[in-house]
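Shown next, in structure tokens, is the structure this report addresses.
2 protein chains.
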Amino acid sequence: MPPEEPARLRPAQLVRAATVARLYFLESKSKSEIADELGINRFKVARILEQARESGLVRIEISAPDNIDYELSEQLRRAYDLRHVVAVETGEATEVHLRTALARTATALVSELVTENDVLGVGYGRTLTIMAETMDALACCPVVQLTGALLGVNAEENSVELVRQISARNGGPAFPMYIPQVLPDAATAAMLRRQPEVAEAHRRFPTVTKAVVAVGSWNPPSSQLYDALTSKERTALLRRGVTAEVCATLLDADGNTVAQDFTDRCISINSGQLKAIEDVIAVAGGPTKLAALRSVILSGHVNSLVTDATMARSLVALRATHPSS
Amino acid sequence: MPPEEPARLRPAQLVRAATVARLYFLESKSKSEIADELGINRFKVARILEQARESGLVRIEISAPDNIDYELSEQLRRAYDLRHVVAVETGEATEVHLRTALARTATALVSELVTENDVLGVGYGRTLTIMAETMDALACCPVVQLTGALLGVNAEENSVELVRQISARNGGPAFPMYIPQVLPDAATAAMLRRQPEVAEAHRRFPTVTKAVVAVGSWNPPSSQLYDALTSKERTALLRRGVTAEVCATLLDADGNTVAQDFTDRCISINSGQLKAIEDVIAVAGGPTKLAALRSVILSGHVNSLVTDATMARSLVALRATHPSS
DNA sequence: CTGACCTGTGCTCAAATGAGCATGTAGTAT
DNA sequence: ATACTACATGCTCATTTGAGCACAGGTCAG
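Protein sequence lines, in the order shown, are assigned to chains A and B.
For the first sequence, our numbering begins at 1 and goes up steadily by one.
For the second sequence, our numbering begins at 1 and goes up steadily by one.
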């Protein structure tokens, strides 16, 4: 990897250079101090140190605990002007490993960002479920469910359970909604929104300061919401350009909101309310979600991101190709 | 080894810290510059960098090509106020491996220190023989044999051959002496010193600026000179406290010159001439030579040293015990 | 409520540092 | 010899940097 290894410095110089380097880097002495100590002048010390770096005698490494690729993270953050990006190097992971890795990192990020003065909003998704199960050291703050539960999903893997888990772990008040996410029509949805518990959660939406959400992909399909719909519904929505979903808000390939009529019959925080949240962290990865995640980022519904390195690289590459805002 | 690994910094801070660290250490930007770039002030950058170092996110290593232990080398150098010390970490090497490792390092040190304005003096010893065989990139300078040849030693392993080898490799003029090192009496030695070739070499002694020599141990015995003597001679000399020899100069345990009468009947540079040489590099290692090497160092006949790490540690420890000059 | 006590921030001022220049010393070609 | 290049060394001066202080906000016990 390094273009030139310990390079051609001879022993006597090496010993001196190593001594100088040790005093400077490891013992934090000033160059002038080292110069006095060795009876040479400070410029000489500076030049020895330069040589030591160039020759590879001194190696400075920035290590990567948790397999986070910092440089890539920062690159992606800048590419889309996001607040926080964490790109996890997962290697050739299975989908389960990928989810676990993202969940662990998301846990760390969320518990870092959330203070007890925050109100945490929570979406739905398998990765978020894993996250909830491993969540610890989270500040004691209210936890608000942002969407209704999806039918046809394992009872222990839905947004209600998710909110319960998290609030149990951080000791904060929970605002769950025991209600399906998708309803037959807007009128039914409107009616159910008036149920006390549901209304209570909805009243909290404007107070939410941090949210963690997943991203659903429609094309190719990788979404619990998509899976919960009938074939007929899917086809109709796909025809209208739906590419991604975030908390029941449907988006086209460029991040524009579409199919408001569908969203109206969902129990969920809406697009405007979601955008109003100070920090929205998307947790998503894997090859199937590229177009969807790009769409969600462009839509402005999220400003932070936990994803895998491959996804991050693809997103950066896409930005280089389409540098439009 | 590090007391605390990547420590408890959270992802968002880690990404920022890693970004700052990369810009500072890897891209050599100034802290102020980084601060402007990231929209924070320079003190913040400094504190982030401090954290990054403390947390182990940034690791600075001083690597050790050729297995040289720099810190130990410098420690030993200071302990005895020497000019150059190179301590080679040889592990559990056999004697042959040890010699080879020391010879390689000695080659590097000698070819680093010797310029074409120097005159190189060469002693005798098995390690030096190996060194001569691998000597390369040595400046083209005169090579002077400092001692006569030892009888009873393999014909290809004596000081004559050594000088021939080196001068053949660096292209410089050679001043060898085809003559035994030890003679029956001082008168014979004096007579032989008048032989043209021998006298020529002796005339060069005061011009020698750099010399490389081995160290012989008498107790325990590990010396080609010792081996070349009769049992009777050895016993007599040992009784007079001989502990070490360097170029036929015999020394007691504290580095005092002894047995001048024996030295008088040797063909060799003498103690005074040897001490007058600007740089004398001793190449010696292995557990049997500890007392001898200490003696030679204390005697002031050498000012530089190529040895193994175990020896170096022992010498440092001895110095700590007997800090007298 | 109040004052002690943290913690994170940004400041002043003096010390540390780097860029670039001037000098000295070769070695080399003319 | 002379001029040129190459290179190491030590300088001046402007910039960068760190130590230590001051201030703001928050927490806690009395």
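Heads up, the beta-carbon is just placed ideally off N, CA and C, and yes, glycines get one too.
Just so it is clear, the structure is predicted and the values come from calculations on it, not from any experiment.
- Message: In the DSSP assignment, the beta strand (DSSP E) including arginine 59 of chain B goes from what residue to what residue?
- Response: Translated into the one-based positions of the second sequence, residue 59 of chain B becomes position 59. Taken as a continuous stretch (DSSP letters only), the beta strand (DSSP E) holding arginine 59 of chain B covers 58-62.
- Query: Is any beta-carbon of chain B found at less than 7 Å from that of alanine 105 of chain A?
  - Reply: In the first sequence, the residue the question calls residue 105 of chain A occupies position 105. Contrary to the premise, residue 105 of chain A reads as threonine rather than alanine in this sequence. Closer than 7 Å: yes.
- Query: When burial is assigned at 16 or more other CB atoms within 10 Å of the CB, is proline 2 of chain B buried or exposed?
  - Reply: Reading the second sequence from its first residue, position 2 is the one you call residue 2 of chain B. Reliability of the predicted coordinates at proline 2 of chain B is poor, the pLDDT of 41 falling under 50, and no value is obtained from them.
- Message: Could you give the first and the last residue of the continuous beta strand (DSSP E) run that contains glutamine 145 of chain A?
- Response: As a first step, residue 145 of chain A is located in the first sequence; it is residue number 145 there, counting from the start. Here the beta strand (DSSP E) through glutamine 145 of chain A covers 143-145.
- Item | Through-space distance from valine 143 of chain A to leucine 23 of chain B, alpha-carbon basis | As a position in the second sequence, residue 23 of chain B is number 23, starting the count at 1. As a position in the first sequence, residue 143 of chain A is number 143, starting the count at 1. Each residue's alpha carbon lies about 38 Å from the other.
- Message: On the criterion of 16 or more Cβ atoms from any shown chain inside 10 Å, does asparagine 270 of chain A qualify as buried, or is it exposed?
- Response: Indexing the first sequence from 1 puts residue 270 of chain A at position 270. Looking at its Cβ environment, which holds 16 or more other Cβ atoms inside 10 Å, asparagine 270 of chain A is buried.
- Query: If you draw a straight line from the alpha carbon of proline 6 of chain A to that of tryptophan 218 of chain A, how long is it in whole angstroms?
  - Reply: Looking up residue 6 of chain A in the first sequence gives position 6. Looking up residue 218 of chain A in the first sequence gives position 218. Residue placement at proline 6 of chain A is flagged as unreliable, the pLDDT there being 46, under the threshold of 50; the coordinate-derived value follows with that caveat. Each residue's alpha carbon lies about 52 Å from the other.
- Helix, strand or coil: which one does DSSP assign to aspartate 81 of chain B? Working through the second sequence from its first residue, we reach residue 81 of chain B at position 81. DSSP places aspartate 81 of chain B in coil when its eight states are reduced to three.
- Message: Strictly below 9 Å CB to CB, what residues from chain B border glycine 56 of chain A?
- Response: For the purposes of this step, residue 56 of chain A is taken as residue 56 along the first sequence, with counting starting at 1. The answer, in chain order, is Ser63 and Pro65.
- Task: Indicate whether at least one CB of chain A lies closer than 7 Å to the CB of arginine 319 of chain B.
- Result: One-based indexing of the second sequence puts residue 319 of chain B at position 319. No, arginine 319 of chain B does not count as interfacial toward chain A.
- Message: Please list, in chain order, the chain B residues whose beta carbon lies closer than 7 Å to that of glutamate 71 of chain A.
- Response: The sequence position of residue 71 of chain A within the first sequence is 71, counting from 1. Chain B residues near glutamate 71 of chain A: Arg22.
- Message: Quick check on DSSP: helix, strand or coil for leucine 250 of chain B?
- Response: Looking up residue 250 of chain B in the second sequence gives position 250. Of the three classes helix, strand and coil, the one that applies to leucine 250 of chain B here is strand, per DSSP.
- Among A:His97, A:Ala317, A:Val215 and A:Tyr178, which one has its Cα closest to the Cα of glycine 125 of chain A? The residue given as residue 125 of chain A occupies position 125 in the first sequence. If we check each option's Cα against that of glycine 125 of chain A, A:Val215 comes out closest.
- List the residues of chain B that threonine 19 of chain A touches, going by C-beta distances under 9 Å, in chain order. Numbered from its first residue, the first sequence carries residue 19 of chain A at position 19. Here the neighbours are Tyr70, Glu71, Ser73, Glu74 and Arg77.
- Got a sec? Which residues, its chain only, sit under 6 Å from leucine 250 of chain B by beta carbon, not counting five neighbours each side? Locating residue 250 of chain B in the second sequence gives position 250, where the first residue counts as 1. Only Val242, Val258 and Ala259 meet the Cβ criterion.
- For alanine 139 of chain B, the three-state DSSP class (helix, strand or coil): Taking the first residue of the second sequence as position 1, residue 139 of chain B is located at position 139. It is coil, neither helix nor strand.
- Interface flag, valine 15 of chain A vs chain B, CB-CB below 7 Å: Residue mapping note: residue 15 of chain A aligns to position 15 of the first sequence, counting from 1. Yes, contact with chain B.
- Task: Could you tell me which residues DSSP puts in a beta bridge with isoleucine 281 of chain B?
- Result: For the purposes of this step, residue 281 of chain B is taken as the residue at position 281 of the second sequence. B:Val212 and B:Ser304, per the DSSP bridge assignment.
- Query: Taking just the CA atoms, how far does glutamine 195 of chain B sit from threonine 230 of chain B?
  - Reply: Translated into the one-based positions of the second sequence, residue 230 of chain B becomes position 230. Translated into the one-based positions of the second sequence, residue 195 of chain B becomes position 195. Approximately 26 Å between the Cα atoms of the pair.
- Task: Drop a sphere of 10 angstroms on the beta-carbon of arginine 16 of chain A, count the other beta-carbons inside from all chains shown, and report buried for 16 or more, exposed for fewer.
- Result: Sequence index remark: in the first sequence, residue 16 of chain A carries index 16 (1-based). Counting Cβ neighbours within 10 Å, arginine 16 of chain A comes out buried, since at least 16 surround it.
- Item | Cβ neighbour criterion (16 or more within 10 Å) applied to arginine 47 of chain B | Residue numbering aside, residue 47 of chain B sits at position 47 when the second sequence is read from its first letter. Under this definition arginine 47 of chain B is an exposed residue.
- Query: Which residues, in order along the segment 82-95 of chain B, keep a beta-carbon less than 8 Å from a beta-carbon of chain A?
  - Reply: His84, Val85 and Val86
- Query: Under 9 Å Cβ-Cβ, which residues of chain B neighbour isoleucine 60 of chain A?
  - Reply: Within the first sequence, residue 60 of chain A is the residue found at index 60, counting from 1. Those within 9 Å of isoleucine 60 of chain A in chain B are Ala21, Phe25, Leu26, Val58, Arg59, Ile60 and Glu61.
- Message: Assuming contact is defined by CB atoms lying nearer than 7 Å, are cysteine 247 of chain B and valine 182 of chain B in contact in what I supplied?
- Response: Taking the first residue of the second sequence as position 1, residue 247 of chain B is located at position 247. Taking the first residue of the second sequence as position 1, residue 182 of chain B is located at position 182. The answer is no: Cβ separation not under 7 Å.
- Message: Taking the alpha helix (DSSP H) that phenylalanine 172 of chain B belongs to, which residues open and close that run?
- Response: If you number the second sequence from 1, residue 172 of chain B lands on position 172. According to the sequence provided, residue 172 of chain B is glycine. The question's phenylalanine does not apply to it. Looking at the DSSP string, glycine 172 of chain B is not in any alpha helix (DSSP H), and its letter there is neither H nor E.
- Task: Starting from the N-terminal side, write out each stretch of the alpha helix (DSSP H) that is 4 residues or longer and does not extend beyond the segment 97-137 of chain A.
- Result: 126-134
- Return the chain-ordered list of same chain residues with a C-beta closer than 7 Å to the C-beta of asparagine 303 of chain A, the five sequence neighbours on each side being excluded. If you number the first sequence from 1, residue 303 of chain A lands on position 303. These residues qualify, in order along the chain: Leu82, Arg83, Asp279 and Val280.
- Should alanine 101 of chain A be flagged as near chain B, meaning a C-beta pair shorter than 7 Å? Translated into positions along the first sequence, residue 101 of chain A becomes position 101. So, not an interface residue.
- In the DSSP assignment, what residue or residues form a beta bridge with alanine 228 of chain B? On the second sequence, position 228 is the one that residue 228 of chain B refers to. Beta-bridge pairing links alanine 228 of chain B to no other residue.
- Query: Are leucine 298 of chain A and glycine 255 of chain A close, meaning C-beta to C-beta below 7 Å?
  - Reply: One-based indexing of the first sequence puts residue 298 of chain A at position 298. One-based indexing of the first sequence puts residue 255 of chain A at position 255. Their beta carbons are under 7 Å apart, which means leucine 298 of chain A touches glycine 255 of chain A by this criterion.
- Close-in-space but distant-in-sequence residues of the same chain around asparagine 67 of chain B (CB under 6 Å, 5 per side omitted): Start at 1 with the first residue of the second sequence, and residue 67 of chain B comes out as number 67. Val88 and Glu89.
- Can a CB atom of chain B be found closer than 7 Å to the CB of alanine 132 of chain A? Within the first sequence, residue 132 of chain A is the residue found at index 132, counting from 1. Chain B, which has no Cβ nearer than 7 Å to the Cβ of alanine 132 of chain A, makes this no.
- Nearest to tyrosine 70 of chain A (by Cα), restricted to the options A:Asp308, A:Ala320 and A:Glu133: As a working mapping, residue 70 of chain A is identified with position 70 in the first sequence. Comparing Cα positions, the closest option is A:Asp308.
- Message: Using beta carbons (cut-off 7 Å, strictly below), is alanine 149 of chain B in contact with chain A?
- Response: For the purposes of this step, residue 149 of chain B is taken as residue 149 along the second sequence, with counting starting at 1. False, the Cβ-Cβ gap to chain A never drops below 7 Å.
- Query: Mind pulling the chain B residues with CB within less than 8 Å of glutamate 112 of chain A?
  - Reply: Within the first sequence, the letter at position 112 stands for residue 112 of chain A. Residues of chain B passing the Cβ test: Arg10, Pro11, Ala12 and Gln13.
- Message: Against leucine 109 of chain A, what residues of chain B qualify as contacts under a CB-to-CB distance less than 8 Å, listed in chain order?
- Response: Residue mapping note: residue 109 of chain A aligns to position 109 of the first sequence, counting from 1. Per Cβ cutoff of 8 Å: Arg10, Pro11 and Ala12.
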